[in-house]
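J.: This structure is in structure tokens; I'll ask about it shortly.
Residue numbers (my numbering): 252 to 1085.
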């Protein structure tokens, strides 16, 4: 067999196809396959007697053969092509010499092949403008990475991926040195070391044999590092990989994905390594992202995998402090919190019969605010909490000024996120006439006077009781016009981005588990809607066997909601392919169901609720990315039709996956008499096709594994990891500059190109009514809720913003997250980055 001597003197087998392809390019594909074959035979006859021949010799023969056969233009093209390649090799050599790293050769060559528009000469020029004498090799490599990242423009967005390749090379080169110094030659040795150092949970090696770990190691596919942009890979390296106690990174990117997969598949009884593979593939191929706590904490000793928790604050001193203590415990392990304050008596309410003794909810919210600051997650970031209050609560006006810049500072709580729970009646009256009166009342006063808690009902029952309370002269009322209340709401929304909106009647009417309770509020990012109930505390004195007396506090657990989140990466999936959607939803629903049993719970109440309902929250990211790739304009009927189809596919795949799991593992505790069981879930969503009817019958026969299934979180950070758009949001800009580590780095919309450019209309330029209509269409298919932001300009009138809220209610949208004014950049909820 003939061998080719490459320019680096490496010998490789002769490949005639490469010569043919080079001629095809030179001839611009004008000639037939037969003519190309005849030319190739002539070329090969020129060196038939040689066993070895150099690349340069072959290229000389090709030139002569083209000239001999009078393909002068092709010969000219071929000569220019050779000259271009020679120049590129020269530039690559100069980069290698500048950085002093010969191993860069193959990487730079691969980059030029995959990104044909990229110019190594441009990269070298950029590098030289920032290079300094006496830099170490590592410093030079990092500068080369930065040079690539800074070349990103709206015309050349691919530099984000080039910089990602360079960063991957640099990072893994440094990691290999660390591994060599620690004598870690394979995955099993590394996991043993990490476990000994208490950086890895011992449960991994306790549950997997060395043979299984070695088999799992074969799954590692380093080529998947090429899927990252610079921003995504840099974020993953800085925030998600395991570091030593001295902050030295000890884990590769693919080892992280595999470690998460090993954890999530740990309890699989059958084909465990098959599920490790499936979980690893969905993560490493950027088809699915798990929530930030799952990616960060799976495989670690403190494996708190849930994003967010929701608690009902009771109207008692012990109960309030118990809820605040629960928030501290949740925050300690990196979780966010939603807290419902609608049961707590208002300012001036009665305490033990003493009129006007209550200080109201604001004082307690300030304690929550201080707790968020004090329990700062090992100094990484302060706690995050949303506080919810009903629109008829007497302390509502003060609540609406918690974060605004006017008023008494003693009544402020700038580090909590206020949210309001609206009944249908509020929006009905706002639509009719803003000059009507709205009555604010004390929940404790109602309970004592009427014998019922107004907040424990919804819909027509709530409205009947509300008017009953309004007409009862025994109940104290604070009367304001709707116009005044809405002015406060909208002023706060424009100034602070909050309050979030929770349409309580819409939520509860669509609750598939209303037979077991009520939903008072949502979580920190407004996508979770699950049954809630306050814990009940009692204290007693107990004698021990030795005769000692001890005081025991008992807590009857309520429903303490837990968010277990993941997101389908719509921009990286064929969303019209039923087989793909069913396969990927089946895999991720199984992973999320496993999270429930594998989780480290900061509170026992959370574990009890989580295992009773087995609720999960499968969401999406890359929504705008998906629309742009499919050439669908945001402000179009095509958008509405397309997402109706896509989200019905996702809903079907998700529900079917939970049904299949129920066959294998059993249903959740309260399946019987749920709307999954009686079929109302499908009826109210108009799922009447044969496919849906067959699934409904299967569910009625075999059950559902999970009480709640779908919830769409913001995915602010995890969408950056996979190079896609965040959650359901449109892009803020097609091209923007981001400050990172003191450096300004350019970023672009995902897969920006002449084909996608005009489909990436910027968020603040979009008519928000289209976003609301799309949210309403998606909501039919989502059993929980969605983090829906409103993007408004500084020219927005208050009446326009009010009309968006009313439209959202009319379209059946359950919750509204931030109002993002152009003058405002509210904080993202990192805890719920799914």
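Idealized CB from N, CA, C, for every residue including glycine. These numbers were taken from a predicted model, which means no experiment stands behind them.
Return the CA-CA distance between residue 921 and residue 928, expressed in angstroms with no decimal places.
T.: Computed Cα separation, rounded: 10 Å.
J.: Any idea which residues DSSP pairs residue 796 with across the strands?
T.: DSSP, once it has assigned bridges, lists no residue as partnering residue 796.
J.: Checking the sheet assignment: what are the DSSP bridge partners for residue 328?
T.: According to DSSP, residue 328 bridges with nothing at all.
J.: On the DSSP bridge assignment, give the partners of residue 754 in chain order.
T.: Residue 754 pairs with 673.
J.: Measuring only the C-alpha atoms, how far is residue 832 from residue 476?
T.: Rounded to the nearest angstrom, the two C-alpha atoms are 24 Å apart.
J.: Please determine, among 877, 327, 835, the residue with the shortest C-alpha to C-alpha distance to residue 538.
T.: When only C-alpha atoms are compared, the closest one is 835.
J.: Is residue 846 closer than 9 Å to residue 545 when the C-beta atoms are compared?
T.: Yes, the pair counts as a contact, with Cβ atoms nearer than the cut-off.
J.: If you follow the beta strand (DSSP E) that residue 1041 is in, where does it begin and where does it stop?
T.: Note, residue 1041: beta strand (DSSP E), 1041 to 1043.
J.: In or out: residue 804 buried (at least 16 other Cβ within 10 Å) or exposed?
T.: Classification for residue 804: exposed.
J.: For residue 860, which residues of its own chain have a beta-carbon under 6 Å away from its beta-carbon, when the five flanking residues on both sides are left out?
T.: 810, 811, listed in sequence order.
J.: Unbroken beta strand (DSSP E) runs of length 3 or more, entirely within the stretch 561 to 608: which are they?
T.: Within the stretch 561 to 608, the complete beta strand (DSSP E) runs of at least 3 residues are 587 to 591.
J.: Buried or exposed: which applies to residue 573, given that a residue is buried once 16 or more other Cβ atoms fall within 10 Å of its Cβ?
T.: So residue 573 ends up on the buried side.
J.: Could you name the residues of the same chain whose beta carbon sits closer than 7 Å to that of residue 395, not counting the 5 residues immediately before and after it, in chain order?
T.: These residues qualify, in order along the chain: 350, 378, 417.
J.: Are residue 508 and residue 535 closer than 9 Å when you measure CB to CB?
T.: In this structure, residue 535 lies closer than 9 Å to residue 508 by Cβ.
J.: When DSSP builds the beta bridges, which residues end up paired with residue 689?
T.: Answer is 731.
J.: Could you check if residue 948 is buried or exposed, using at least 16 other CB atoms within 10 Å of its CB as the buried criterion?
T.: Exposed is the call here.
J.: How is the alpha helix (DSSP H) around residue 639 delimited, first residue to last?
T.: First-last for residue 639: 636 to 641, but that is the beta strand (DSSP E), not the alpha helix (DSSP H).
J.: Does the stretch 673 to 689 come close enough to the stretch 783 to 799 to have 3 or more Cβ pairs within less than 8 Å?
T.: Because the criterion of three Cβ pairs below 8 Å is not met, the stretch 673 to 689 and the stretch 783 to 799 do not touch.
J.: When you compare the CB positions of residue 598 and residue 664, do they come within less than 9 Å of one another, or not?
T.: For residue 598 and residue 664, no; Cβs fall outside 9 Å.
J.: Between which two residues does the beta strand (DSSP E) harbouring residue 816 extend?
T.: From DSSP, the beta strand (DSSP E) with residue 816 extends over 816 to 820.
J.: Do residue 816 and residue 486 have their C-beta atoms within less than 9 Å of each other?
T.: Going by C-beta atoms, residue 816 is not nearer than 9 Å to residue 486.
J.: Tell me, which residues are paired with residue 982 by DSSP?
T.: Answer is none; residue 982 lacks a bridge partner.
J.: On the DSSP bridge assignment, give the partners of residue 257 in chain order.
T.: None; residue 257 has no bridge partner.
J.: In its own chain, which residues sit with a C-beta less than 6 Å from the C-beta of residue 372, not counting the 5 before and 5 after it?
T.: Correct list, in chain order: 342.
J.: Give the single residue among 877, 945, 982, 340 whose Cα lies nearest to the Cα of residue 258.
T.: Selected option, being the one with the closest Cα: 340.
J.: Report yes if the CB atom of residue 1014 is closer than 9 Å to the CB atom of residue 983, and no otherwise.
T.: Cβ atoms of residue 1014 and residue 983: closer than 9 Å.
J.: In whole angstroms, give me the CA-to-CA distance for residue 272 and residue 314.
T.: Taking the straight line from one Cα to the other gives about 14 Å.
J.: With residue 461 as the anchor, note down where its alpha helix (DSSP H) starts and where it stops.
T.: 461 to 468 is the span of the alpha helix (DSSP H), which, as asked, contains residue 461.
J.: Grab the span of the beta strand (DSSP E) containing residue 264 for me, first residue to last.
T.: Per DSSP, residue 264 belongs to the beta strand (DSSP E) from 262 to 264.
J.: Leaving out five residues before and five after residue 697 in sequence, what residues of the same chain have Cβ atoms less than 8 Å from its Cβ?
T.: Answer for residue 697: 703, 704, 705, 720, 726, listed in chain order.
J.: Any chance you could list the alpha helix (DSSP H) runs of at least 4 consecutive residues sitting entirely within the stretch 304 to 366, in chain order?
T.: Listed in chain order, the complete alpha helix (DSSP H) runs (minimum 4 residues) inside the stretch 304 to 366 are 306 to 319, 323 to 350, 355 to 365.
J.: Report buried or exposed for residue 389, applying the criterion of at least 16 other Cβ atoms within 10 angstroms of its Cβ.
T.: Its Cβ having fewer than 16 others within 10 Å, residue 389 is exposed.
J.: Are the beta-carbon atoms belonging to residue 335 and residue 773 less than 9 Å from one another?
T.: No, Cβ-Cβ distance for residue 335 and residue 773 is not below 9 Å.
J.: Which word fits residue 1009, buried or exposed, when buried means at least 16 other C-beta atoms lie within 10 angstroms of its C-beta?
T.: Residue 1009 should be labelled exposed.
J.: Helix, strand or coil for residue 410? Go by DSSP, reduced to three states.
T.: Residue 410: helix per DSSP, three-state reduction.
J.: Whose C-beta lies closer than 6 Å to the C-beta of residue 870 among residues of the same chain, with five residues either side of it excluded?
T.: Once the five neighbours on either side are set aside, the close Cβ partners of residue 870 are 818, 962, 963, 964, 1085.
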